[in-house]
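In structure tokens:
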């Protein structure tokens with residue numbers, strides 16, 4: 130009996146620990162929320178665009194492998210941007226990454242460069258917080274070896290970003306033979322700028338401020354970049370020959386700061402058909418003439434050609450689009466809005482809120498014109514009256530009819546007699562009340578005969 134009680138107590142304890150462990154694991158799983166990120170294609174410096182794209186795709190896969198990130202696929206990114214008639218290519222700056230992140234609805238953007246300097250590959254990865262536009266993490270990594278070895282380095286980067294330790298890959302290591310050392314032919318390079326004091330980079334590596342001279346530079350192709358606050362970034366590719374003493378001087382162009390604010394906020398901003406971001410936004414532009422366009426769902430598109438020669442601020446009020454239905458009695462009247470033909474009644478369209486000149490026209494009828502302030506969904510119904518000339522024609526036609534009755538509707542004689550025609554054309558039929566939905570537009574006096 131005592132043994133049976135001990136066994137029962139043991140099983141109850143075991144069951145309690147198992148259930149509590151399961152509940153804890155479920156709570157831990159539900160409390161963990163993946164970080165939604167998108168990865169822009171790495172910029173390749175010294176490697177091809179195809180190789181940079183392959184390495185970017187591998188980083189996306191490795192980020193998913195960590196289990197920490199919810200990664201937007203490149204195909205989905207392209208689909209979203211195609212719908213908005215935008216381009217992903219060429220977006221490498223932090224400012225552009227933030228703008229893309231806002232459009233995609235992610236919390237973080239990952240961008241970076243992969244370059245080759247001599248025999249060493251350099252990987253620079255940056256994580257940008259979309260809400261603050263700040264770089265919250267940067268991972269620089271150097272690798273010497275074959276290009277294929279970068280796949281393993283990219284995996285290390287993904288797990289470092291996740292904060293988790295990467296499991297060793299099962300791919301067997303490839304031994305890289307050590308080539309015999311050959312003394313390289315070197316050259317000198319002097320870099321200058323107007324104005325001076327620009328920060329200069331060579332192949333993505335910061336050198337210092339201009340003017341500066343490098344006495345031992347490897348020969349071949351190099352990428353130069355000059356940056357200075359208030360001036361447009363300048364990039365240039367150069368080729369250095371063995372033993373050459375090369376001097377490069379660049380003139381930096383000052384840009385204007387354009388502040389764009391919209392009411393309501395959140396409009397998509399384009400300058401010369403290029404996406405710049407979401408308003409409010411500040412954009413750096415050289416002096417010149419540009420086409421500025423703001424687009425927001427439910428509002429009329431705002432577009433203007435502007436000449437920029439100094440810092441400028443644009444406060445743009447977007448006009449809400451309002452549905453308007455146009456009706457008339459009789460139907461098939463032409464409708465003009467601010468002297469622009471928009472269709473024949475009945476017709477439905479949307480217009481920006483505002484005050485409009487509206488005209489209804491129909492052959493053999495007096496035109497109806499009115500000023501109307503449209504701020505909300507509206508139905509406009511115009512009652513057209515025949516011209517006196519048309520009434521006389523109908524009266525003459527009705528007098529020739531041998532039928533004992535007639536009726537005039539919509540300007541068409543269905544039947545008639547002379548006595549009845551005189552009665553109706555005197556005003557009895559024309560003044561009968563008519564019904565119709567919406568705002569009724571009055572009829573101006575008929576022109577004199």
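Numbering (this note's numbering), first residue to last: 130 to 578.
Built from N, CA and C at the ideal position, the CB exists for glycine as well.
Identify the residues that DSSP records as bridge partners of residue 428: which are they? As a first step, residue 428 is located in the chain shown; it is residue number 299 there, counting from the start. 449.
Would the beta-carbon of residue 243 fall within 9 Å of that of residue 180? Translated into the one-based positions of the chain shown, residue 243 becomes position 114. Translated into the one-based positions of the chain shown, residue 180 becomes position 51. Closer than 9 Å, so yes.
Look up residue 500 in the DSSP assignment and say whether it is helix, strand or coil. Start at 1 with the first residue of the chain shown, and residue 500 comes out as number 371. Residue state, collapsed to three classes: strand.
Compute the beta-carbon to beta-carbon distance between residue 414 and residue 389, rounded to the nearest angstrom, for a pair I have assumed lies under 8 Å. In the chain shown, residue 414 corresponds to position 285, counting from 1. In the chain shown, residue 389 corresponds to position 260, counting from 1. Wrong, their Cβ atoms sit about 11 Å apart, outside the cutoff.
What does the Cβ neighbour count give for residue 325, buried or exposed, with the cut at 16 atoms within 10 Å? To locate residue 325, count along the chain shown from 1; it is residue 196. So residue 325 counts as exposed.
Check the C-beta distance from residue 339 over to residue 329 and give it rounded, since I have them as a contact under 8 Å. Locating residue 339 in the chain shown gives position 210, counting from the first residue. Locating residue 329 in the chain shown gives position 200, counting from the first residue. Right, their Cβ atoms sit about 6 Å apart.
Classify residue 240: buried if its beta carbon has 16 or more other beta carbons within 10 angstroms, exposed otherwise. Counting from one through the chain shown, the residue named residue 240 turns up at place 111. Buried, since its Cβ has 16 or more Cβ neighbours within 10 Å.
Using a Cβ-Cβ cutoff of less than 6 Å, which residues in the same chain neighbour residue 317 once the five nearest sequence positions on both sides are dropped? Walking along the chain shown from the start, residue 317 turns up at place 188. Within its own chain, the residues whose Cβ lies closer than 6 Å to the Cβ of residue 317, once the five positions on either side in sequence are excluded, are 344 and 374, listed in chain order.
Taking the straight line between their C-alpha atoms, what separation do you get for residue 169 and residue 185? Stepping through the chain shown from its first residue, residue 169 is reached at position 40. Stepping through the chain shown from its first residue, residue 185 is reached at position 56. Roughly 8 Å separates the two Cα atoms.
Would you identify the three-state DSSP class for residue 171, choosing helix, strand or coil? As a first step, residue 171 is located in the chain shown; it is residue number 42 there, counting from the start. The answer is coil: DSSP assigns residue 171 none of H, G, I, E or B.
What's the call for residue 470, buried or exposed, on a 16-neighbour Cβ count within 10 Å? Against the chain shown, residue 470 aligns to sequence position 341. With fewer than 16 Cβ atoms within 10 Å of its Cβ, residue 470 is classed as exposed.
Count the CB pairs spanning the segment 393-401 and the segment 414-426 that are closer than 8 Å, and state whether there are at least three. yes
Simplified DSSP state of residue 227, which is helix, strand or coil: In the chain shown, counting from the first residue as 1, residue 227 sits at position 98. Of the three classes helix, strand and coil, the one that applies to residue 227 here is helix, per DSSP.
Run through DSSP, which three-state label would residue 362 get? Counting from one through the chain shown, the residue named residue 362 turns up at place 233. Looking at residue 362 - three-state DSSP - the assignment turns out to be coil, as it is neither helix nor strand.
Close Cβ partners of residue 341 (< 7 Å) along its chain, the five nearest in sequence each way excluded: Along the chain shown, read from residue 1 onward, the residue named residue 341 stands at position 212. Excluding sequence neighbours, residue 341 sits near 320 and 329.
Got a sec, what are the start and stop residues for the beta strand (DSSP E) residue 438 sits in? Translated into the one-based positions of the chain shown, residue 438 becomes position 309. It is not in any beta strand (DSSP E) - residue 438 carries neither H nor E in the DSSP assignment.
In whole angstroms, what separates the C-alpha of residue 416 from that of residue 429? Position 287 of the chain shown holds residue 416. Position 300 of the chain shown holds residue 429. For residue 416 and residue 429, the distance between alpha carbons rounds to 28 Å.
Mind checking residue 474: buried by the 16 CB within 10 Å criterion, or exposed? The sequence position of residue 474 within the chain shown is 345, counting from 1. Per the 10 Å Cβ criterion, buried.
Span of the alpha helix (DSSP H), counted from its first residue to its last, around residue 615: The chain is shown from 130 up to 578; residue 615 falls before or after that span and cannot be answered.
Per DSSP, cross-strand counterpart(s) of residue 258: Residue 258 sits at position 129 when you count from the first residue of the chain shown. BP columns for residue 258 point to 237 and 263.
Just checking: is the beta-carbon of residue 265 within a distance shorter than 9 Å of some beta-carbon in chain B? Among the protein chains of the structure shown there is no chain B, as only one such chain exists.
Cut-off 8 Å between Cβ atoms - residues of its own chain near residue 164, not counting five sequence neighbours on either side: In the chain shown, counting from the first residue as 1, residue 164 sits at position 35. Taken in chain order, the residues that qualify are 197, 198, 199, 236 and 237.
Could you give the first and the last residue of the continuous beta strand (DSSP E) run that contains residue 385? Here residue 385 refers to the residue found at position 256 when the chain shown is read from its first residue. That run of the beta strand (DSSP E) goes 385-392.
According to DSSP, which residues form a beta bridge with residue 454? Numbered from 1 along the chain shown, position 325 holds the residue referred to as residue 454. Partner(s): 477 and 508.
Tell me whether residue 461 sits in a helix, a strand or coil according to DSSP, three-state version. Looking up residue 461 in the chain shown gives position 332. Residue 461: coil per DSSP, three-state reduction.
Neighbourhood of residue 195 by C-beta distance below 7 Å, restricted to the same chain and skipping five residues each side: One-based indexing of the chain shown puts residue 195 at position 66. Excluding positions up to five away in sequence, the list reads 287, 288, 291 and 293.
Does the Cβ of residue 190 have 16 or more other Cβ atoms within 10 Å, making it buried, or fewer, making it exposed? Here residue 190 corresponds to residue number 61 of the chain shown, with the count starting at 1. It is exposed - the Cβ of residue 190 has fewer than 16 other Cβ atoms within 10 Å.
I believe residue 482 touches residue 449 by the beta-carbon criterion, under 8 Å. Please report the beta-carbon distance rounded to the nearest angstrom. Position 353 of the chain shown, counted from the start, is the residue given in the question as residue 482. Position 320 of the chain shown, counted from the start, is the residue given in the question as residue 449. Yes, they are in contact, since the Cβ atoms of residue 482 and residue 449 sit about 5 Å apart, within 8 Å.
Between residue 485 and residue 510, how many whole angstroms is the CB-CB distance? I'm expecting something under 8 Å. Here residue 485 corresponds to residue number 356 of the chain shown, with the count starting at 1. Here residue 510 corresponds to residue number 381 of the chain shown, with the count starting at 1. With a Cβ gap of about 16 Å, residue 485 and residue 510 do not count as contacting.
Enumerated in chain order, which unbroken segments of the alpha helix (DSSP H) with a length of 4 residues or greater are wholly contained in the segment 180-219? 203-212
Taking the alpha-carbon positions, what's the residue 337 to residue 504 distance? By 1-based counting over the chain shown, the position of residue 337 is 208. By 1-based counting over the chain shown, the position of residue 504 is 375. For residue 337 and residue 504, the distance between alpha carbons rounds to 59 Å.
Which residues in the same chain have their Cβ closer than 6 Å to the Cβ of residue 376, if we skip the five residues on either side of it in sequence? Here residue 376 refers to the residue found at position 247 when the chain shown is read from its first residue. So the qualifying residues of the chain are 319.
Start-to-end residues for the beta strand (DSSP E) that takes in residue 350: Here residue 350 refers to the residue found at position 221 of the chain shown. Taken as a continuous stretch (DSSP letters only), the beta strand (DSSP E) holding residue 350 covers 349-356.
Can you tell me whether residue 248 is helix, strand or coil according to DSSP? Reading the chain shown from its first residue, position 119 is the one you call residue 248. Coil.
Buried/exposed call for residue 162, threshold 16 Cβ in 10 Å: For the purposes of this step, residue 162 is taken as the residue at position 33 of the chain shown. Answer is exposed; the Cβ neighbour count stays below 16.
May I ask you to report which of helix, strand or coil DSSP gives residue 485? For this step, residue 485 is matched to residue 356 along the chain shown. Three-state result, residue 485: strand.
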